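Protein chains in written order, with this note's numbering: chain S, 43 to 304; chain R, 52 to 489.
Quick reminder that beta carbons are idealized off the backbone N, C-alpha and C, glycines included.
Being a predicted model, the structure only gives us computed values, none of them experimental.
Structure first, then comments.
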Amino acid sequence: MPDRTAVADAADVVYIYDGSFEGLLSCVFESYARKEIPSDIVPEEQYELSLYPTRFIETNHLHFERVKKGVADKIGKDALTAIWKGYLCSWEGKEIAILHFIRMGMRDGRRVIYDLANDYVGRLMKSNTTLWNEAHHYMGFVRFSVYENNAMVSVIEPKHKILPIIKDHFIDRYKNESFLIYDKTHRYALIYSKGRNIIIPADDYSPPQMSGEEQKLHDMWKLFYETIEIKERRNERCRMTMMPKRFWSQLHEMSGNKEANI
Amino acid sequence: METSQKLQILADAAKYDVACTSSGADRSSDGFSMGNAMASGICHSFSGDGRCISLLKVLMSNACAYDCAYCLNRRSNDVPRATFTPRELADLTMNFYRRNYIEGLFLSSGIIKNPDYTCERMIETLKILREEYRFGGYIHAKAIPGADSLLLQRIGYLADRMSVNIELPSQKSLVTLAPDKSKSSILKPMGFIRDSISQNKNELVRYKSTPKFASAGQSTQMIIGATPETDYSILKLSEALYGKYSLKRVFYSAYIPVSENPLLPALTTEPPLLREHRLYQADWLLRFYGFSADEILSEQTPDFNPLLDPKCNWVVNNMHRFPVEINSAPKEELLRVPGIGVKSVFKILQARRSCKLSFESLKKLGVVLKRARFFITCGGEFDPAVSFSPQEAANALISNSDMKKFRQKEQYEQIDFLSQPPALPQREDYFKCLTGQL
Ligand code: SF4
Chain S
43 MPDRTAVADA ADVVYIYDGS FEGLLSCVFE SYARKEIPSD IVPEEQYELS LYPTRFIETN
103 HLHFERVKKG VADKIGKDAL TAIWKGYLCS WEGKEIAILH FIRMGMRDGR RVIYDLANDY
163 VGRLMKSNTT LWNEAHHYMG FVRFSVYENN AMVSVIEPKH KILPIIKDHF IDRYKNESFL
223 IYDKTHRYAL IYSKGRNIII PADDYSPPQM SGEEQKLHDM WKLFYETIEI KERRNERCRM
283 TMMPKRFWSQ LHEMSGNKEA NI
Chain R
52 METSQKLQIL ADAAKYDVAC TSSGADRSSD GFSMGNAMAS GICHSFSGDG RCISLLKVLM
112 SNACAYDCAY CLNRRSNDVP RATFTPRELA DLTMNFYRRN YIEGLFLSSG IIKNPDYTCE
172 RMIETLKILR EEYRFGGYIH AKAIPGADSL LLQRIGYLAD RMSVNIELPS QKSLVTLAPD
232 KSKSSILKPM GFIRDSISQN KNELVRYKST PKFASAGQST QMIIGATPET DYSILKLSEA
292 LYGKYSLKRV FYSAYIPVSE NPLLPALTTE PPLLREHRLY QADWLLRFYG FSADEILSEQ
352 TPDFNPLLDP KCNWVVNNMH RFPVEINSAP KEELLRVPGI GVKSVFKILQ ARRSCKLSFE
412 SLKKLGVVLK RARFFITCGG EFDPAVSFSP QEAANALISN SDMKKFRQKE QYEQIDFLSQ
472 PPALPQREDY FKCLTGQL
């Protein structure tokens with residue numbers, strides 16, 4: 043890392059990066075190199091127009107590795123993981139918060155991650171929880187359809203980039219299967235087959251047509267779902283809280299379910 | 052009969068059994084098998100009543116030879132009957148598991164012919180799953196009261212969790228309503244499972260390859276409101292079950308009338324949902340907050356307060372123990388502050404290591420102060436925003452949802468001090484009720 047004791051000035055400049063984690067940490071490197079704190083850091087995709095001058099920060103693998111090592115050594119591996127998860131989560135101002143978090147940590151060391159009362163730290167840690175919550179939801183709500191060649195396919199629409207988080211769980215669960223989970227929101231897919239997995243961008247993907255046998259199983263699940271409800275205890279609000287509507291479109295048991303009326 | 056038709060009958064027959072969570076077993080796939088089990092439990096869906104669905108919960112059969120008065124499947128009831136074949140049920144489980152619908156199977160059964168035969172059918176199913184399909188997901192099996200202990204043992208080695216339902220919280224109620232069962236036929240398998248689990252733990256220490264016996268422990272269920280037991284006696288029973296029988300969970304199920312019987316509540320009786328809710332709250336206090344049953348209720352006040360959750364009720368009776376200083380109080384005391392839960396306490400303990408906490412920093416930590424602020428100080432000071440009118444203290448203690456439920460006049464008849472409820476009382480009235488009770 044460049045000299046970390048140097049004081050940096052707030053600068054009227056917006057950093058633009060390619061949206062990758064490597065790109066984000068390259069921005070952090072740049073901020074140290076130039077001894078400046080940009081007024082914002084935005085991914086290329088989201089950049090619209092700014093009154094501030096902009097600077098495009100090229101993703102640089104060496105810079106990325108140096109920041110990574112610096113963080114791991116000075117703030118700890120936990121902090122590095124927290125930053126990565128903070129990056130995977132979608133939240134307002136995450137890049138700037140991560141930059142400040144790293145700067146505080148490089149100055150004050152490991153204890154920074156306990157300083158939850160600090161705004162940047164607090165929000166970063168909260169984003170980790172948000173990400174985990176959604177990932178945990180999807181461990182339950184991912185729905186596979188099985189095709190003739192035994193391949194299993196699921197399409198999801200999460201708010202956050204949870205595929206790297208749920209990856210190990212599903213691989214562990216279906217070790218001898220082949221499956222694909224497509225994230226429609228962020229347009230990339232996790233593919234696993236016989237011990238190997240890969241996460242790749244995929245612009246447009248739609249699963250093939252299901253067989254009649256498969257449809258029958260979906261129907262049986264829906265039947266079970268409807269039967270298991272205790273009608274005397276119907277509680278629409280509770281269901282909506284636990285299983286918000288944004289998940290419904292992918293759930294086989296909710297197909298054909300009309301607007302719930304509360 | 053088509054599998055889907057059987058599924059409908061046998062899921063319907065199993066649905067009142069609430070002892071259904073898939074947590075507690077942490078097992079990773081060994082490379083040949085399908086499936087894992089996660090310790091924190093995964094909900095795969097939520098049914099219209101808001102309950103988590105994580106297991107395929109069905110009966111092996113509802114063609115029961117017994118005649119328990121509180122049960123839909125009793126011999127004398129006129130309902131459609133069905134029985135899964137072991138293969139059929141194992142296939143269904145695998146198909147659901149692959150599609151990520153479920154974490155595993157919750158298998159219970161009515162008595163087919165006799166308890167031993169029933170157990171054998173269950174074992175057959177579990178063997179196909181575990182040995183033939185190498186299913187590594189979660190299995191919760193009900194021990195059938197009265198079955199041979201060797202059979203129970205075999206189930207225990209195939210399942211992650213076993214349970215025996217107590218059903219009715221006293222011997223007397225059992226005798227009158229479940230003539231084919233007795234407390235000893237229930238407690239015997241419970242004790243047997245406990246001993247097998249602890250013996251197995253010792254063996255596991257000695258020999259690494261020992262198969263695991265019901266590694267996630269055992270649980271039970273009680274029906275609430277079918278019989279006259281008080282909340283206090285139920286809670287004492289739970290406490291003993293956690294202690295003596297090392298149970299992992301006790302579940303409570305509000306009785307929903309299923310038959311016209313002079314010994315049971317009338318068919319029009321609403322299920323006592325609030326009572327059930329309070330029992331879960333109190334149960335939580337027993338397991339995670341270091342409370343004992345005698346701190347929560349007593350012979351003198353044997354029933355829950357409908358307006359205050361059990362923790363707040365304890366607080367109202369122990370005002371001399373407050374306020375508590377956030378920056379120095381030990382964990383046990385923090386846990387007893389109304390509105391502060393296990394997670395918040397954890398955050399406070401962690402955060403106060405690095406700096407002194409103020410009300411502002413508590414908010415940032417995400418600690419909800421609505422109730423708590425009346426009972427805590429930060430650096431010796433109360434929250435300046437708090438004014439201590441009784442009105443506000445009452446507001447702080449009565450949750451909005453409880454208030455609403457009260458307004459809807461749910462089943463509170465059993466509670467004395469509200470036996471003549473005022474037409475539509477305001478919060479002050481509640482507070483008077485409460486203080487009047489002190
Ligand atoms: S044994 Fe009793 S409780 Fe169990 S299914 Fe038969 S009638 Fe119902």
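Within the same chain, show all residues whose beta-carbon is closer than 6 Å to that of residue i, passing over the 5 residues directly before and after it, in chain order.
{"i": "F213 of chain R", "result": "In the sequence as displayed, the identity of residue 213 of chain R is Met instead of Phe. The residues are A192, A194, G207, I244, A265 and Q269."}
{"i": "D360 of chain R", "result": "Q332"}
{"i": "P44 of chain S", "result": "In this prediction, P44 of chain S has a pLDDT of 49, which is less than 50 and means its spatial position is unreliable; nothing more can be read from the coordinates."}
{"i": "S220 of chain S", "result": "A193 and S235"}
{"i": "D211 of chain R", "result": "A76, Y189, I190, S266 and A267"}
{"i": "P472 of chain R", "result": "Note that P472 of chain R has pLDDT 33, beneath the 50 cutoff, so the model's placement of it is unreliable and the number below is only indicative. There are no such residues."}
{"i": "Y162 of chain S", "result": "A139, H142 and F143"}
{"i": "Y117 of chain R", "result": "I162 and D231"}
{"i": "V366 of chain R", "result": "P389"}
{"i": "P95 of chain S", "result": "V55"}
If you count every other CB in all the chains shown that lies within 10 Å of the CB of residue i, and 16 or more means buried, which is it?
{"i": "L485 of chain R", "result": "Low confidence applies here, because L485 of chain R scores a pLDDT of 36, under 50, leaving its location unreliable and the question unanswered by this model."}
{"i": "S343 of chain R", "result": "exposed"}
{"i": "S73 of chain S", "result": "buried"}
{"i": "I242 of chain S", "result": "exposed"}
{"i": "A65 of chain R", "result": "buried"}
{"i": "G298 of chain S", "result": "exposed"}
{"i": "V393 of chain R", "result": "exposed"}
{"i": "H103 of chain S", "result": "exposed"}
{"i": "S412 of chain R", "result": "buried"}
{"i": "N253 of chain R", "result": "exposed"}
{"i": "H228 of chain S", "result": "buried"}
{"i": "Q351 of chain R", "result": "exposed"}
{"i": "T334 of chain R", "result": "The sequence shown places Asp at residue 334 of chain R, rather than the Thr named in the question. With 16 or more Cβ atoms within 10 Å of its Cβ, D334 of chain R is classed as buried."}
{"i": "K223 of chain R", "result": "exposed"}
{"i": "L232 of chain S", "result": "buried"}
{"i": "L400 of chain R", "result": "exposed"}
{"i": "N160 of chain S", "result": "buried"}
Give me the Cβ distance between residue i and residue j, rounded to the nearest whole Å; I'm assuming they're in contact under 8 Å.
{"i": "I377 of chain R", "j": "I427 of chain R", "result": "5 Å"}
{"i": "I258 of chain S", "j": "N239 of chain S", "result": "Rather than Ile, the amino acid found at residue 258 of chain S in this sequence is Lys. Incorrect: roughly 30 Å between the Cβ atoms, too far for contact."}
{"i": "P220 of chain R", "j": "I285 of chain R", "result": "5 Å"}
{"i": "M173 of chain R", "j": "F135 of chain R", "result": "In fact, because the Cβ distance is near 10 Å, the residues do not count as touching under 8 Å."}
{"i": "H202 of chain S", "j": "C131 of chain S", "result": "5 Å"}
{"i": "R97 of chain S", "j": "Y57 of chain S", "result": "6 Å"}
{"i": "K108 of chain R", "j": "F157 of chain R", "result": "4 Å"}
{"i": "F355 of chain R", "j": "R338 of chain R", "result": "Not really, about 17 Å apart at Cβ, beyond 8 Å."}
{"i": "K232 of chain R", "j": "L238 of chain R", "result": "Not really, about 11 Å apart at Cβ, beyond 8 Å."}
{"i": "D100 of chain R", "j": "I272 of chain S", "result": "5 Å"}
{"i": "I198 of chain S", "j": "E137 of chain S", "result": "In fact, because the Cβ distance is near 25 Å, the residues do not count as touching under 8 Å."}
{"i": "P357 of chain R", "j": "L325 of chain R", "result": "6 Å"}
Which same chain residues end up closer than 8 Å to residue i when comparing Cβ atoms and leaving out the 5 residues on each side of it in sequence?
{"i": "A53 of chain S", "result": "R76, E78, I79, P80 and S81"}
{"i": "A244 of chain S", "result": "Y224, R229, Y230 and A231"}
Mind checking if residue i is an interface residue toward chain A, Cβ cutoff 8 Å exclusive?
{"i": "F147 of chain R", "result": "Although the question refers to chain A, the structure presented lacks it and instead comprises the protein chains S and R."}
Give me, in chain order, the residues of the same chain whose beta-carbon lies closer than 7 Å to that of residue i; leave out the 5 immediate sequence neighbours on both sides.
{"i": "G164 of chain S", "result": "L158"}
{"i": "L293 of chain S", "result": "F183 and R185"}
{"i": "P240 of chain R", "result": "A194, P196, L203 and V215"}
{"i": "V396 of chain R", "result": "K382, L385 and L386"}
{"i": "N312 of chain R", "result": "A120"}
{"i": "A114 of chain R", "result": "R132, T134, G161 and I163"}
{"i": "F63 of chain S", "result": "W126 and Y129"}
{"i": "R152 of chain S", "result": "I117 and G118"}
{"i": "R181 of chain R", "result": "L209"}
{"i": "K103 of chain R", "result": "Strictly speaking, residue 103 of chain R in this sequence is Cys, with Lys absent from that position. These residues qualify, in order along the chain: C94 and F97."}
Looking at C-alpha atoms only, which residue of the options is the closest neighbour of residue i?
{"i": "P137 of chain R", "options": "R:C115, R:C170, R:L337 and R:N368", "result": "R:C170"}
{"i": "L318 of chain R", "options": "R:Y117, R:L123 and R:E327", "result": "R:L123"}
{"i": "I275 of chain R", "options": "R:S304, R:Y283, R:E175 and R:R300", "result": "R:S304"}
{"i": "K110 of chain S", "options": "S:E100, S:A124 and S:V197", "result": "S:A124"}
{"i": "Y224 of chain S", "options": "S:R108, S:S92 and S:S196", "result": "S:S196"}
{"i": "S169 of chain S", "options": "R:P435, R:F433, R:G430 and R:L416", "result": "R:L416"}
Between the stretch 384–391 of chain R and the stretch 409–425 of chain R, do three or more beta carbon pairs fall short of 8 Å?
yes
I want to know whether the stretch 174–184 of chain S touches the stretch 207–227 of chain S - three or more CB-CB distances under 8 Å.
yes
Using 8 Å as the Cβ pair cut-off and three pairs as the minimum, do the stretch 403–410 of chain R and the stretch 149–159 of chain S touch?
yes
Could you check whether the stretch 141–159 of chain R touches the stretch 247–263 of chain S, counting it as contact only if at least three pairs of C-beta atoms, one from each stretch, sit closer than 8 Å?
yes
Inter-stretch contact (C-beta, 8 Å, three-pair minimum) for the stretch 145–161 of chain R and the stretch 95–106 of chain R
yes
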